[in-house]
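Adding 938 to a residue's 1-based position in the sequence shown gives its number in this note's numbering.
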Amino acid sequence: MNDESSANQSFRKTLSPEAYSVLREKATERPFSGKYNDFWDIGLYCCGACGAELFRSDAKFDAGCGWPSFFEPISDGSMKYQTDHELGWQTRTEVLCAKCDSHLGHVFDDGPKPTGKRYCMNSVALQFKSK
939 MNDESSANQS FRKTLSPEAY SVLREKATER PFSGKYNDFW DIGLYCCGAC
989 GAELFRSDAK FDAGCGWPSF FEPISDGSMK YQTDHELGWQ TRTEVLCAKC
1039 DSHLGHVFDD GPKPTGKRYC MNSVALQFKS K
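1. Would you tell me roughly how many angstroms separate the C-alpha atoms of residue 986 and residue 1014, rounded to the nearest one?
2. Just the Cα atoms here: how many angstroms apart are residue 993 and residue 1010?
3. Residues in its own chain within less than 6 Å of residue 1001 by CB, not counting five upstream and five downstream?
4. Assuming residue 983 and residue 1066 make a contact with CB atoms under 8 Å, what is their CB distance in whole Å?
5. Kindly give me the distance between the Cβ atoms of residue 952 and residue 1060, rounded to whole angstroms, as I take these residues to be in contact under 8 Å.
6. Mind listing, in chain order, the continuous alpha helix (DSSP H) runs of no fewer than 4 residues lying wholly within the region 940-966?
7. Could you check whether residue 1032 and residue 1049 sit closer than 9 Å to each other, using their CB atoms as the reference points?
8. Express the C-alpha separation of residue 964 and residue 1029 in angstroms, rounding to a whole number.
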């Protein structure tokens, strides 16, 4: 058994079926269905698979897109990026957790100042830690 299948087997045991589908199989939750879409508590958003810190709540904004959106990550090294051609007609930038390679969502260049970025994340890919 290779390391990836061992890791996925471990995640399958610890994540809900929906979380596993999003985090490990790159699915997307339905818009406006996630628990963090309209959630404004103060704290940190972490990876739903490994707990790595990803975003501060003060970087969250209402993009109206149906998924929690942030204008910047907690640090430059907290995420990895790769080109996503899944839609066929549109190229997107996929966002992955730098620690465990789990799929979190996508980043777009239509966000607010100061970064102009919109990190559009799946709620099920996140866990929240209150301050």
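Just so you know, even glycine gets a beta-carbon here, dropped at the ideal spot from N, CA and C.
Judging by the given coordinates:
1. Residue 986 and residue 1014: Cα-Cα distance of roughly 19 Å.
2. Taking the straight line joining both Cα atoms gives about 7 Å.
3. When the five nearest sequence neighbours on each side are left out, the beta carbons in the same chain lying within less than 6 Å of the beta carbon of residue 1001 are those of 1007 and 1056, in order along the chain.
4. 6 Å
5. Incorrect: roughly 17 Å between the Cβ atoms, too far for contact.
6. 941-952 and 955-963
7. Not a contact, by the Cβ cut-off of 9 Å.
8. 15 Å
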